[in-house]
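Worksheet: the structure to be examined is printed underneath.
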Amino acid sequence: MIVNLAFYLFSLILLASAVMVVTARNPVHAVLFLILAFVNAAVLFLLAGAEFLAFILAIVYVGAVAVLFLFVVMMLDVDFAALKEGFQRYAPVGALVGLVLFGELFLVVSGWNVLAGATAARLYPTPDNLTNAAALGSLIYTAYLPLFQLSGIVLLVAMIGAIVLTHRDRKRALRQNLAMQHARKPQDTLVLTRPALGAGAPLPAQEKETL
Amino acid sequence: MSAFFHAEFFQTDLGIVILTLLETLALLVPLLIGVAYLTWFERKVMGAIQLRKGPNVVGPFGLAQPFADAIKMLLKETITPAGADKLLFTLAPMLTFGLALIAWAVIPVNNNWAIANINVGILYLFAISSLGVYGIIIAGWASNSKYAFLGALRSAAQMVSYEVSMGFIIVTVLVCAGSLNLNDIVLAQRHVWYAIPLFPLFIIFFISGLAETNRAPFDLAEGESEIVAGFFVEYSAMSFALFFLGEYANMILISGMTTLLFLGGWLSPIPFAPFTLIPGVFWFLLKILICLFVFVWVRATLPRLRYDQLMALGWKVFLPITLVYLVAVAGVLEYFGWLPNA
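The listed protein sequences correspond, in order, to chains A and B.
Heads up: the first sequence begins at 45 in the working numbering, then just goes up one per residue.
Heads up: the second sequence begins at 372 in the working numbering, then just goes up one per residue.
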């Protein structure tokens with residue numbers, strides 16, 4: 045009873061905040077609503093008894109991905125009013141695409157056959173003697189190991205791509221070599237001279253730029 | 372007394388709610404008093420380090436100073452800057468302070484003395500501490516001020532960076548303990564505290580904790596010499612006090628996490644008779660107090676890092692070390708058959 049009420053409450057908030065993500069005028073508000081949606085999705089996982097997934101969702105999406113997203117949106121200063129100008133023109137096409145996608149989803153779901161024992165397995169997903177995390181781990185690292193590793197490699201490729209993109213312009217990069225700085229001695233850089241009147245002091249040898 | 376709490380009434384739905392409320396009060400009231408006195412403790416210790424007296428006027432040894440400060444904060448005017456996002460501006464300090472408090476729901480202060488002894492306690496703690504950044508970002512953005520915004524951006528980048536190595540350290544501890552439950556993690560340290568075999572990780576965890584709470588030498592989000600007071604420059608009165616108290620509550624929380632993960636929680640440091648008879652709460656508080664002292668000591672001694680040094684330390688030093696350490700620890704445990712529940 046209470047669990048059902050909680051489910052409807054949190055799914056209502058989830059749907060409402062998801063709608064607000066696309067309708068909010070201010071992009072920062074939109075991202076904050078997205079975060080609210082993530083949090084509510086995590087709570088739904090909790091209600092379903094998947095506490096490991098719930099907290100991983102909170103840590104990865106709310107704690108890291110959404111922070112960076114918010115970071116970018118705050119700095120970009122996107123003008124949503126300008127973005128929404130063409131809304132009237134493109135709305136029919138968008139609605140058509142949405143309808144086609146919905147029809148495809150409907151076809152897939154209506155033709156879905158559920159295995160006889162699967163319903164029971166879904167009602168009691170983890171055995172009583174195993175915690176959530178252990179049950180998930182014993183599947184991911186055995187039966188689905190190749191898929192798991194592949195998804196890791198996809199992320200690695202994306203990461204390397206991002207690093208390569210930011211390092212294209214290496215000439216401007218200022219870098220600091222701590223070991224070289226610590227190895228500097230006064231006699232390497234300081235010269236005490238007593239120049240003759242009107243003659244001036246000789247310039248010291250130019251230092252290497254990498255310092 | 373114990374029979375009273377095991378009465379039939381406390382097994383009913385209403386009884387469980389009332390019991391949880393009582394437990395929450397029993398935790399929060401000492402915690403809030405602790406937060407208030409932590410500000411006094413910090414000022415006294417820093418005073419001693421800098422050869423000053425610290426607060427010594429209000430009450431004996433200045434002990435009433437936190438309450439005088441609280442009354443001062445309450446009586447001041449709350450100012451909302453022009454052009455600020457009013458709702459978010461008021462929400463941000465509440466979020467910071469609230470998150471600092473709800474994390475305590477899973478912290479066991481003695482064997483099985485947690486309000487909620489959940490299976491994935493450490494994940495809950497990690498999730499809550501990673502949410503802490505939102506209070507700061509929202510405050511910085513909603514203030515409609517350049518200094519506040521710069522502080523928020525710095526803090527967002529910093530907290531995300533140090534969370535990564537903190538996550539790897541937590542995973543290493545989990546591999547050693549074989550459980551995500553905080554109670555089990557402490558009990559797994561009966562024979563040896565993880566601070567000894569995982570000493571480098573202990574130090575890195577503590578330093579990451581300094582960065583995660585935006586404390587010196589990682590307090591670039593405040594950076595009073597460059598960006599005035601950073602993300603909370605526009606805040607005044609009680610909303611400022613909430614940020615201030617939230618920071619101190621987070622310090623206690625990080626000290627508590629360090630104690631649970633590395634210093635054996637409530638376990639007595641000397642494992643025989645006269646010392647094991649002392650209640651575990653005492654040892655837990657003592658360990659937290661030592662961690663807090665180091666927090667203050669670091670603040671009084673070290674200069675602030677430059678921003679690129681901060682990033683380099685997080686990504687180029689801590690991340691590789693913790694990553695390699697995790698793989699090495701897992702390998703050693705597997706090779707010698709020391710993995711728990713194997």
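Cβ coordinates follow ideal geometry from the N, Cα and C atoms, glycine included.
Item checked: With 16 other Cβ atoms within 10 Å as the buried cut-off, status of Met537(B) -> Under a 10 Å Cβ-count criterion, Met537(B) is classified as buried, with 16 or more other Cβ atoms of the shown protein chains found around its own Cβ.
Check: What three-state label does DSSP hand Pro479(B) in the structure shown?
Finding: The answer is coil: DSSP assigns Pro479(B) none of H, G, I, E or B.
Notebook entry, point to check: Are the stretch 639-657 of chain B and the stretch 616-623 of chain B touching, with three or more C-beta to C-beta distances below 8 Å?
Noted result: Contact between the stretch 639-657 of chain B and the stretch 616-623 of chain B is absent, because fewer than three Cβ pairs lie under 8 Å.
Next item on the list: Pull out every residue of the stretch 174-196 of chain A whose Cβ sits closer than 9 Å to any Cβ of chain B, in chain order.
Entry: Contact residues of the stretch 174-196 of chain A toward chain B are Thr175, Asn176, Ala177 and Ala178 (C-beta to C-beta distance below 9 Å).
Next item on the list: Find the nearest neighbour of Ile499(B) within the set Asn70(A), Leu101(A), Leu59(A) and Val66(A), judged by alpha-carbon distance.
Entry: Out of Asn70(A), Leu101(A), Leu59(A) and Val66(A), Leu101(A) has the C-alpha closest to the C-alpha of Ile499(B).
Notebook entry, point to check: In chain B, which residues lie less than 8 Å from Gly130(A) when you measure between Cβ atoms?
Noted result: Result: empty, since nearest Cβ-Cβ is about 27 Å, beyond 8 Å.
Notebook entry, point to check: Mind listing which residues of the stretch 485-496 of chain B have their C-beta closer than 8 Å to chain A's C-betas, in chain order?
Noted result: Hits within the stretch, in order: Ile489, Asn490, Val491, Leu494 and Tyr495.
Next item on the list: Out of Val698(B), Ser514(B) and Pro437(B), point me to the one whose CA is closest to Ala453(B)'s CA.
Entry: The shortest Cα separation from Ala453(B) among Val698(B), Ser514(B) and Pro437(B) belongs to Ser514(B).
Next item on the list: Within its chain, find whatever has a CB closer than 6 Å to the CB of Leu247(A); leave out the 5 residues flanking it on each side and keep chain order.
Entry: In its own chain, leaving out the 5 sequence neighbours on each side, no residue places its CB closer than 6 Å to the CB of Leu247(A).
Margin query: For Lys517(B), count the other beta carbons within 10 Å of its own beta carbon; 16 or more makes it buried, fewer makes it exposed. Which is it?
Written below: With fewer than 16 other Cβ atoms within 10 Å, it is exposed.
Check: Can you list, in chain order, the residues of the stretch 628-656 of chain B whose Cβ is nearer than 9 Å to any Cβ on chain A?
Finding: Along the stretch 628-656 of chain B, none of the residues has a CB nearer than 9 Å to a CB of chain A.
Note to self: Can you give me the C-alpha to C-alpha distance between Ala179(A) and Tyr188(A), rounded to a whole angstrom?
What the structure shows: When rounded, the distance between both Cα atoms is 13 Å.
Next item on the list: Name the residue from Trp512(B), Ala519(B), Gly469(B) and Met609(B) whose alpha carbon lies nearest to the alpha carbon of Leu502(B).
Entry: With distances taken between CA atoms, Leu502(B) lies nearest to Gly469(B) out of Trp512(B), Ala519(B), Gly469(B) and Met609(B).
Next item on the list: Spell out whether any CB of chain B is found under 9 Å from the CB atom of Gln231(A).
Entry: No, no contact with chain B.
Item checked: Touch test, the stretch 563-578 of chain B against the stretch 538-555 of chain B, Cβ-Cβ under 8 Å, three pairs minimum -> Flag = yes, the stretch 563-578 of chain B and the stretch 538-555 of chain B touch.
Check: Under three-state DSSP, which class holds Ile450(B)?
Finding: In the three-state reduction of the DSSP assignment, Ile450(B) falls in the coil class, being assigned neither a helical nor a strand state.
Next item on the list: May I ask you to verify whether the stretch 69-89 of chain A touches the stretch 102-121 of chain A, counting CB pairs closer than 8 Å and requiring at least 3?
Entry: Put simply, the stretch 69-89 of chain A touches the stretch 102-121 of chain A. At least three CB pairs are less than 8 Å apart.
Notebook entry, point to check: Is the beta carbon of Gly635(B) less than 9 Å from the beta carbon of Tyr533(B)?
Noted result: No, Cβ-Cβ distance for Gly635(B) and Tyr533(B) is not below 9 Å.
Next item on the list: Could you tell me how far apart the beta carbons of Phe96(A) and Val491(B) are, in whole angstroms, since I believe they sit closer than 8 Å?
Entry: With 8 Å as the limit, Phe96(A) and Val491(B) qualify as a contact, their Cβ atoms being about 6 Å apart.
Check: For Met372(B), does the three-state DSSP call read helix, strand or coil?
Finding: Residue placement at Met372(B) is flagged as unreliable, the pLDDT there being 47, under the threshold of 50; the coordinate-derived value follows with that caveat. Met372(B) falls in the coil class under three-state DSSP.
Next item on the list: Give me the Cβ distance between Leu690(B) and Phe589(B), rounded to the nearest whole Å; I'm assuming they're in contact under 8 Å.
Entry: Between Phe589(B) and Leu690(B) the Cβ distance is about 16 Å, and since that is not below 8 Å, they are no contact.
Notebook entry, point to check: Can you name the residues of chain A whose CB is closer than 7 Å to the CB of Ser596(B)?
Noted result: The premise fails here: Ser596(B) is roughly 21 Å from chain A at the closest Cβ pair, so nothing lies under 7 Å.
Checklist line | Through-space distance from Asp679(B) to Pro230(A), alpha-carbon basis | finding: In this structure, the alpha-carbon of Pro230(A) lies about 26 Å from that of Asp679(B).
Next item on the list: Rank Ala474(B), Asn488(B), Lys443(B) and Ala587(B) by C-alpha distance to the C-alpha of Thr672(B) and give the top, closest one.
Entry: Selected option, being the one with the closest Cα: Ala587(B).
Check: Got a sec, what are the start and stop residues for the alpha helix (DSSP H) Tyr518(B) sits in?
Finding: Here the alpha helix (DSSP H) through Tyr518(B) covers Lys517 to Ala548.
Checklist line | For Glu705(B), the first and last residue of its enclosing alpha helix (DSSP H) | finding: Element bounds for Glu705(B): Leu690 to Tyr706.
Checklist line | Contact set between Trp512(B) and chain A, taken where Cβ atoms lie within less than 7 Å | finding: Within 7 Å Cβ-Cβ: Val72 and Met118.
Notebook entry, point to check: Could you give the C-beta distance for Phe633(B) and Phe573(B), rounded to a whole number, given that I count them as a contact under 8 Å?
Noted result: Their Cβ separation, rounded to whole angstroms, is 5 Å, which keeps Phe633(B) and Phe573(B) in contact under 8 Å.
Notebook entry, point to check: Would you say Ala523(B) faces chain A, with C-beta separation under 9 Å as the test?
Noted result: Among the residues facing chain A, Ala523(B) is included, as its CB has a counterpart in that chain under 9 Å away.
Next item on the list: Determine whether the Cβ of Phe432(B) lies closer than 9 Å to any Cβ atom of chain A.
Entry: Taking a beta-carbon distance threshold of 9 Å, Phe432(B) does not count as an interface residue toward chain A.
Check: Between which two residues does the alpha helix (DSSP H) harbouring Leu657(B) extend?
Finding: Gly651 to Thr672 is the extent of the alpha helix (DSSP H) around Leu657(B).
Check: Is the CB of Gln225(A) under 9 Å away from at least one CB in chain B?
Finding: No, because no Cβ of chain B sits closer than 9 Å to the Cβ of Gln225(A).
Check: If you count every other CB in all the chains shown that lies within 10 Å of the CB of Ser579(B), and 16 or more means buried, which is it?
Finding: Around the beta carbon of Ser579(B), 16 or more other beta carbons lie within 10 angstroms, which makes this residue buried.
Checklist line | Distance, Phe614(B) Cα to Met444(B) Cα | finding: Those two C-alpha atoms are separated by around 12 Å.
Next item on the list: Specify, as a first and last residue, the run of the alpha helix (DSSP H) that Thr383(B) falls within.
Entry: Element bounds for Thr383(B): n/a, residue is neither H nor E.
Notebook entry, point to check: Measuring CA to CA, which of Glu605(B), Glu448(B), Arg414(B) and Trp637(B) is closest to Ile509(B)?
Noted result: Ranking the options by Cα distance to Ile509(B), first place goes to Glu605(B).
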